[in-house]
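*Asks:* This is the structure I have questions about; it appears just below.
Number of protein chains: 2
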Amino acid sequence: MAGTGITTDLVGRSLIGENDVVGTGGSAFRAVDPMSGEAIGPDYDECGPDDVVRATTLAATAFAAYRRTTPDERAAFLETIADEIEARGDAIAARVMAETGLPAPRVAAETARTTGQLRMFAATLREGSWLQARIDRGDAGRTPLPKPDVRQRSVPLGPVAVFGASNFPLAFSVAGGDAASALAAGAPVVVKAHPSHPGTSELVGRAIRAAVQKQGLPEGTFSVLQGAGHELGAALVTDPRIKAVGFTGSRRGGLALVVSAQQRAVPIPVYAEMSSVNPVFVLPGALAERGSELGAAFVASVTGSAGQLCTKPGLVFLMDGPGADDFVAAAGRALGAVSAAAMLSPGIAEAFGTATRATASSDGVRRVAEGVPVEAIACSGVPVLFETDGAAFLARPGLQGEMFGPASLVVRVGDDDELARIIDVLEGQLTATVHGSPRDRELAADLVERLELLAGRVLYGGWPTGVEVGHAMVHGGPFPATSAPATTSVGMRAIERFLRPVAYQDVPEELLPAELRDDNPRHVFRRVDGLPEI
Amino acid sequence: MAGTGITTDLVGRSLIGENDVVGTGGSAFRAVDPMSGEAIGPDYDECGPDDVVRATTLAATAFAAYRRTTPDERAAFLETIADEIEARGDAIAARVMAETGLPAPRVAAETARTTGQLRMFAATLREGSWLQARIDRGDAGRTPLPKPDVRQRSVPLGPVAVFGASNFPLAFSVAGGDAASALAAGAPVVVKAHPSHPGTSELVGRAIRAAVQKQGLPEGTFSVLQGAGHELGAALVTDPRIKAVGFTGSRRGGLALVVSAQQRAVPIPVYAEMSSVNPVFVLPGALAERGSELGAAFVASVTGSAGQLCTKPGLVFLMDGPGADDFVAAAGRALGAVSAAAMLSPGIAEAFGTATRATASSDGVRRVAEGVPVEAIACSGVPVLFETDGAAFLARPGLQGEMFGPASLVVRVGDDDELARIIDVLEGQLTATVHGSPRDRELAADLVERLELLAGRVLYGGWPTGVEVGHAMVHGGPFPATSAPATTSVGMRAIERFLRPVAYQDVPEELLPAELRDDNPRHVFRRVDGLPEI
Chain A
1 MAGTGITTDL VGRSLIGEND VVGTGGSAFR AVDPMSGEAI GPDYDECGPD DVVRATTLAA
61 TAFAAYRRTT PDERAAFLET IADEIEARGD AIAARVMAET GLPAPRVAAE TARTTGQLRM
121 FAATLREGSW LQARIDRGDA GRTPLPKPDV RQRSVPLGPV AVFGASNFPL AFSVAGGDAA
181 SALAAGAPVV VKAHPSHPGT SELVGRAIRA AVQKQGLPEG TFSVLQGAGH ELGAALVTDP
241 RIKAVGFTGS RRGGLALVVS AQQRAVPIPV YAEMSSVNPV FVLPGALAER GSELGAAFVA
301 SVTGSAGQLC TKPGLVFLMD GPGADDFVAA AGRALGAVSA AAMLSPGIAE AFGTATRATA
361 SSDGVRRVAE GVPVEAIACS GVPVLFETDG AAFLARPGLQ GEMFGPASLV VRVGDDDELA
421 RIIDVLEGQL TATVHGSPRD RELAADLVER LELLAGRVLY GGWPTGVEVG HAMVHGGPFP
481 ATSAPATTSV GMRAIERFLR PVAYQDVPEE LLPAELRDDN PRHVFRRVDG LPEI
Chain B
1 MAGTGITTDL VGRSLIGEND VVGTGGSAFR AVDPMSGEAI GPDYDECGPD DVVRATTLAA
61 TAFAAYRRTT PDERAAFLET IADEIEARGD AIAARVMAET GLPAPRVAAE TARTTGQLRM
121 FAATLREGSW LQARIDRGDA GRTPLPKPDV RQRSVPLGPV AVFGASNFPL AFSVAGGDAA
181 SALAAGAPVV VKAHPSHPGT SELVGRAIRA AVQKQGLPEG TFSVLQGAGH ELGAALVTDP
241 RIKAVGFTGS RRGGLALVVS AQQRAVPIPV YAEMSSVNPV FVLPGALAER GSELGAAFVA
301 SVTGSAGQLC TKPGLVFLMD GPGADDFVAA AGRALGAVSA AAMLSPGIAE AFGTATRATA
361 SSDGVRRVAE GVPVEAIACS GVPVLFETDG AAFLARPGLQ GEMFGPASLV VRVGDDDELA
421 RIIDVLEGQL TATVHGSPRD RELAADLVER LELLAGRVLY GGWPTGVEVG HAMVHGGPFP
481 ATSAPATTSV GMRAIERFLR PVAYQDVPEE LLPAELRDDN PRHVFRRVDG LPEI
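As they're listed, the protein sequences go chains A and B. Residues 1 to 534 in full-length UniProt numbering are what the first sequence lists, from first letter to last. Residues 1 to 534 in full-length UniProt numbering are what the second sequence lists, from first letter to last.
Now the structure itself:
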């Protein structure tokens, strides 16, 4: 890129601190362009155990200095990362498209989301309430025992391992929400890049490395390891220098990491966002009022990004009655007109085929419609919509399994009792959505109350795809949606996953962290004796 | 108790909802008076699997209604529990002393702490910031996509299992911090009483049942199961209706529950507070200035409550030099004058003997002093103080094992480098304490920074025993001090363990929980677009 001094040529290396490293794992792999099905260069050498130790040792060394940076310094660092990503924007976008088949508008939106959330974490760092600063004033005269002065703030856990996600090569990968929130917390990050987009990971990794250098931070603050095998991830999670793990991916992959982390001499938390079918409930009034309209809108949510979103609605429950046929007919028409799109990788395309064939062959399931095949795309997913009824759904627990891709299952529900029985058997979810009308008021109120126990986010109207990055967002939910239901991986509270509270008892002013000193030099939000400080 | 209408006769039953139940586990046990070593009645029949199902089924049923109570209603319930405990105060105190051998002043203090924290949780419930209410305002005009209205609050996880602790028959048992914080969160509680104080558990359980009835709450809001075997605890933790676990006790017991909980079809969090030796660091200036005084004060902290506190200082590191001999001599003199006290149970007395004999027989360890045996007490622990040096400590990892009881180990540290190496090998702790003087400033600053990564609470001066219940307290810490280092089991943030955030997207005003409605009818603290609401 002439004039910017930025090189965006890929060299096919892992980035360990300041060094470009040829992985020592003994094998190599390439990305695959899902449009053509062809491998694209350069080669990436798989990292081995020695590379893991090198990166985590650098991270542990960096932690001592990095955690002492001020929130302002870390905010500037995050903003510089965003700038460096934008400076490489064209090269990153081109490589994302080549490696994932995602279309340009989606890549642009995901880039904006990635840089936007880095900058939002910067603002949050400066505001300071994430520190959870609290002061309980002492009372030397209390009887029978003096009351100590106790102050609390949060400290980072230590180096964090982040696993890049296949379906968000930017927003949930090298500089995605897990990395941004860990870096914000004061934790160095070692990323295991997702093997389906190594080039994107290298480019974004270089952007972060440039920011590390510009801000004068220790080199071990950030590393990216390339690899396609499971051994690398297991070695990273079981490395004693790693203190927490962020993961977005499959249920099998997430649970394997959880088990590895629990078997360590010192277990660590794994924040795995895994599996969700995001049920949608369309109530009688809404169906009667706008069944067709909802059916068409539903299909747009199912097929966007080729259905490869954690929040894709994979189950829709229609209360049988007026408008239900209209919903199904409109959904079928809409889906029948959607062309197959590239899927992220050959493996995902194959798994999608397996999952949809299993649903298609289930007793009591009917195929409503199928989209338009596109021969020119090597790894494509043809959209498909299935239908069944409540009794069949209740009889076949397998029908609530995730079909990752542009597919969904409509379930016609006979009555409120059957609906209640269905909700009782649903697994934990990232989202649950209700469509109602004023005449559904009573049932809607009941549903919202039930669904808040099932999901991390409850929507009324609209569709669950599209997760707004903010202060109130929860992208999480009960198992198996996540392995840590009390947390969120999107939004500002994601930082809490990498922090731990510490109390300081009777520690003199000059030995206290700045944000706990009487005069509050960093002007952070604090609670004094339980109430907001005036 | 004439005139109060309160019966404090023990009937030897488990309390399952409204019913006094004879456990169906097939065996029976009695408490033991540690002063006499004699069993004291009545018999308690061990609960079996059927009793667990009965209690958890009632709890699950109660949850639907109990979680809908307002924070004000739950606050009144907690206050009523405190009142009911006080109304039975004399009977409870007498039984605690008989079952545990704890002296009257300690029992009075623990009773006050138990009722005090119930009332503090009530005040916290009314203030409302525990709900973590947040509103991100929507913007229908945003491009390219409208911004949704997203609101967040916390909901309870569901029924909680609480394990009574041997060493705090009141403050960490049936109505202790785990139960109080779970009930505050809106979670029904099933307590497994500790088998060393079944009568105390029955009396306190009756106090809570009376409060349930007075407040018109569902009977399944609270149950107490009696039992002495491990099967009962395992059955409770693996019951699918239980959604979280609070435990205070041994490392072995805590880890067993963690494993059981992780192997469930739907894993649940176990908040286990397990094992800590609470290192104390006495710096050169402090030793030179007041070595003798510190040595004597240290012994008071080691031997109070017969050393049976999670925060007892089990290791004290003296920087060798002027005053170190004075510290050891004064500590030896003080400890040599302390009489053996009753230990909580025959099992604990036996384990204490085993642990101290292991330390005594370690190479490089010298016994500094021993307290005064008291033949009249059947289960007693004779205080004992050991001494070693840094090199021996580093060579023998077993020396940082917990000796639960009135014993501690003094370690003479050669220099700052040796101190740094020692800190590197210390396990996670509930507390770490520094004693310094103005001339220790540099070393103290460095230590406080290191220790905040090792412990949940860092003290400067004073002693770690005595945990102030407040808003800023952290009674937690890295593994193996706890199984959940980001949480506290004492203080108001303990409630967070039993909550989970939920986001509500575009949910209309009339379907929102009250605390998220625009007009904030409950006047709870909220953040709007990330900042405190004006």
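Each residue gets a CB set at the ideal place from its N, CA and C atoms; glycine is no exception.
I'd like the ranges of any beta strand (DSSP E) spanning at least 3 consecutive residues and lying wholly in the stretch 337-388 of chain B.
*Replies:* The stretch 337-388 of chain B contains these whole beta strand (DSSP E) runs: 366-370.
*Asks:* Find the nearest neighbour of residue 316(B) within the set 309(B), 306(B) and 299(B), judged by alpha-carbon distance.
*Replies:* On the second sequence, residue 316(B) is found 316 positions in, with the first residue counted as 1. The residue with the shortest Cα to Cα distance from residue 316(B) is 299(B).
*Asks:* Hey, how far is the Cα of residue 122(A) from the Cα of residue 72(A)?
*Replies:* The residue labelled residue 122(A) in the question sits at position 122 within the first sequence. The residue labelled residue 72(A) in the question sits at position 72 within the first sequence. Cα to Cα, the separation comes out at about 8 Å.
*Asks:* Check the Cβ of residue 147(B) against every Cβ in chain A and list those closer than 7 Å, keeping chain order.
*Replies:* For the purposes of this step, residue 147(B) is taken as the residue at position 147 of the second sequence. Within 7 Å Cβ-Cβ: 468.
*Asks:* Is any non-hydrogen atom of the ligand ZN found closer than 7 Å to the C-beta of residue 331(B), if you look at the structure I gave you?
*Replies:* Absence of the ligand ZN from the depicted structure is noted, as is the absence of any ligand whatsoever, leaving it without description.
*Asks:* To the nearest angstrom, report how far apart residue 283(B) and residue 443(B) are at their CA atoms.
*Replies:* Here residue 283(B) refers to the residue found at position 283 of the second sequence. Here residue 443(B) refers to the residue found at position 443 of the second sequence. Approximately 8 Å between the Cα atoms of the pair.
*Asks:* Residues of chain A with CB under 9 Å from residue 34(B), in chain order?
*Replies:* Sequence index remark: in the second sequence, residue 34(B) carries index 34 (1-based). Ordered by position in chain A, no residue passes the 9 Å Cβ test against residue 34(B), which lies about 25 Å from the chain.
*Asks:* Check whether the Cβ of residue 62(B) lies closer than 8 Å to any Cβ atom in chain A.
*Replies:* Your numbering for residue 62(B) matches position 62 in the second sequence. No, residue 62(B) does not count as interfacial toward chain A.
*Asks:* Specify whether the stretch 196-215 of chain A and the stretch 9-27 of chain A touch according to this definition: at least 3 beta carbon pairs, one from each stretch, less than 8 Å apart.
*Replies:* Result yes; three or more Cβ-Cβ pairs closer than 8 Å.
*Asks:* Write down every uninterrupted run of the beta strand (DSSP E) in the stretch 172-238 of chain B whose length is 3 residues or greater and which is fully enclosed by it, in chain order.
*Replies:* Counting only runs of 3 or more, we get 189-192 and 222-225.
*Asks:* Could you give the DSSP three-state label for residue 311(B): helix, strand or coil?
*Replies:* As a position in the second sequence, residue 311(B) is number 311, starting the count at 1. Coil.
*Asks:* Applying a beta-carbon distance threshold of less than 7 Å, which residues of chain B neighbour residue 66(A)?
*Replies:* Along the first sequence, read from residue 1 onward, the residue named residue 66(A) stands at position 66. Correct list: empty, because the minimum Cβ distance to chain B is about 13 Å.
*Asks:* Buried or exposed: residue 38(B), going by 16 or more other Cβ atoms within 10 Å of its Cβ?
*Replies:* Within the second sequence, numbered from 1, the residue matching residue 38(B) stands at position 38. Label assigned to residue 38(B): exposed.
*Asks:* Alpha carbon to alpha carbon, what distance is there between residue 389(A) and residue 364(A)?
*Replies:* Counting from one through the first sequence, the residue named residue 364(A) turns up at place 364. Counting from one through the first sequence, the residue named residue 389(A) turns up at place 389. Their backbone Cα atoms lie some 7 Å apart in a straight line.
*Asks:* Where residue 524(B) and residue 246(B) are concerned, what is the direct C-alpha to C-alpha distance, given to the nearest angstrom?
*Replies:* Walking along the second sequence from the start, residue 524(B) turns up at place 524. Walking along the second sequence from the start, residue 246(B) turns up at place 246. The alpha-carbon atoms of residue 524(B) and residue 246(B) are separated by roughly 27 Å.
*Asks:* Residues of chain A with CB closer than 7 Å to the CB of residue 150(B), please, in chain order.
*Replies:* Within the second sequence, residue 150(B) is the residue found at index 150, counting from 1. Simply 468, 470, 472 and 473.
*Asks:* Could you please tell me which residues of the stretch 258-275 of chain B, in chain order, have their CB closer than 7 Å to any CB of chain A?
*Replies:* Answer in chain order: 262, 266 and 267.
*Asks:* Is the distance from the Cβ of residue 515(B) to the Cβ of residue 186(B) below 8 Å?
*Replies:* In the second sequence, the residue the question calls residue 515(B) occupies position 515. In the second sequence, the residue the question calls residue 186(B) occupies position 186. Against a cut-off of 8 Å, the Cβ pair of residue 186(B) and residue 515(B) comes out as no contact.
*Asks:* Count the C-beta pairs between the stretch 448-464 of chain B and the stretch 350-357 of chain B that are closer than 8 Å, then say yes if the count reaches three, no if not.
*Replies:* Not touching, per the Cβ criterion.
*Asks:* Cα separation between residue 306(B) and residue 454(B)?
*Replies:* Taking the second sequence and counting its residues from 1, one reaches residue 306(B) at position 306. Taking the second sequence and counting its residues from 1, one reaches residue 454(B) at position 454. Roughly 26 Å separates the two Cα atoms.
*Asks:* Taking 8 Å as the CB-CB cut-off, is residue 432(B) touching chain A?
*Replies:* Mapped onto the second sequence, residue 432(B) falls at position 432. By this cut-off, residue 432(B) is not an interface position.
*Asks:* Buried or exposed: residue 328(A), going by 16 or more other Cβ atoms within 10 Å of its Cβ?
*Replies:* Position 328 of the first sequence holds residue 328(A). Burial call: buried.
*Asks:* What residues from chain A crowd round residue 155(B), counting only those whose CB sits closer than 9 Å?
*Replies:* Against the second sequence, residue 155(B) aligns to sequence position 155. Going along chain A in sequence order, the residues near residue 155(B) (Cβ under 9 Å) are 452 and 453.
*Asks:* Does the distance from the CB of residue 426(A) to the CB of residue 456(A) come in under 8 Å?
*Replies:* As a first step, residue 426(A) must be located in the first sequence, where it is residue number 426. As a first step, residue 456(A) must be located in the first sequence, where it is residue number 456. Cβ distance not < 8 Å, so residue 426(A) and residue 456(A) don't count as in contact.
*Asks:* Taking C-beta to C-beta, are residue 437(B) and residue 285(B) nearer than 8 Å?
*Replies:* As a working note, residue 437(B) is residue 437 in the second sequence. As a working note, residue 285(B) is residue 285 in the second sequence. Yes; because the gap between Cβ atoms is below 8 Å, this pair is in contact.
*Asks:* Could you tell me the alpha carbon to alpha carbon distance between residue 542(B) and residue 278(B), rounded to whole angstroms?
*Replies:* Nothing can be reported for residue 542(B): it is not among the residues displayed for chain B, which extend from 1 to 534.
*Asks:* Using a C-beta to C-beta distance shorter than 7 Å, which residues of chain B count as neighbours of residue 416(A)?
*Replies:* Looking up residue 416(A) in the first sequence gives position 416. Going along chain B, no residue has its Cβ under 7 Å from residue 416(A), so there is no contact; the nearest lies around 16 Å.
*Asks:* Keeping to the same chain, check which residues put their C-beta closer than 7 Å to that of residue 309(B); ignore five residues upstream and five downstream.
*Replies:* The residue labelled residue 309(B) in the question sits at position 309 within the second sequence. Cβ neighbours of residue 309(B) beyond the five flanking positions: 167 and 465.
*Asks:* From the DSSP output, in three-state form, read off residue 1(A) for me.
*Replies:* Counting from 1 along the first sequence, the entry for residue 1(A) is found at position 1. Only weak support is given to the placement of residue 1(A): the predicted model assigns it a pLDDT of 45, under 50, and the value that follows is read from those uncertain coordinates. Coil at residue 1(A), not helix or strand.
*Asks:* In chain order, what residues of the same chain lie with their CB nearer than 7 Å to the CB of residue 227(B), ignoring the 5 residues before and after it?
*Replies:* To locate residue 227(B), count along the second sequence from 1; it is residue 227. So the list reads 23, 25, 46, 47, 192 and 195, once near-sequence residues are dropped.
*Asks:* Since residue 160(A) and residue 244(A) are thought to touch, with beta carbons under 8 Å apart, how far apart are those beta carbons, to the nearest angstrom?
*Replies:* Sequence index remark: in the first sequence, residue 160(A) carries index 160 (1-based). Sequence index remark: in the first sequence, residue 244(A) carries index 244 (1-based). About 5 Å separates the two Cβ atoms, so the contact holds.
*Asks:* What is the DSSP secondary structure of residue 154(B), reduced to helix, strand or coil?
*Replies:* Taking the second sequence and counting its residues from 1, the one referred to as residue 154(B) is at position 154. Strand.
*Asks:* What does residue 444(B) touch in chain A if you count any residue whose Cβ is under 7 Å from its own?
*Replies:* The residue you call residue 444(B) lines up with position 444 of the second sequence. In chain order: 511.
*Asks:* Buried or exposed: residue 13(A), going by 16 or more other Cβ atoms within 10 Å of its Cβ?
*Replies:* Along the first sequence, one-based indexing puts residue 13(A) at 13. With 16 or more Cβ atoms within 10 Å of its Cβ, residue 13(A) is classed as buried.
*Asks:* If you follow the beta strand (DSSP E) that residue 563(A) is part of, which residue opens it and which one closes it?
*Replies:* The structure shown does not extend to residue 563(A), since chain A is modelled only from 1 to 534, so the question has no answer here.
*Asks:* So what does residue 464(A) bridge to, in DSSP terms?
*Replies:* Within the first sequence, the letter at position 464 stands for residue 464(A). Per DSSP, none; premise fails for residue 464(A).
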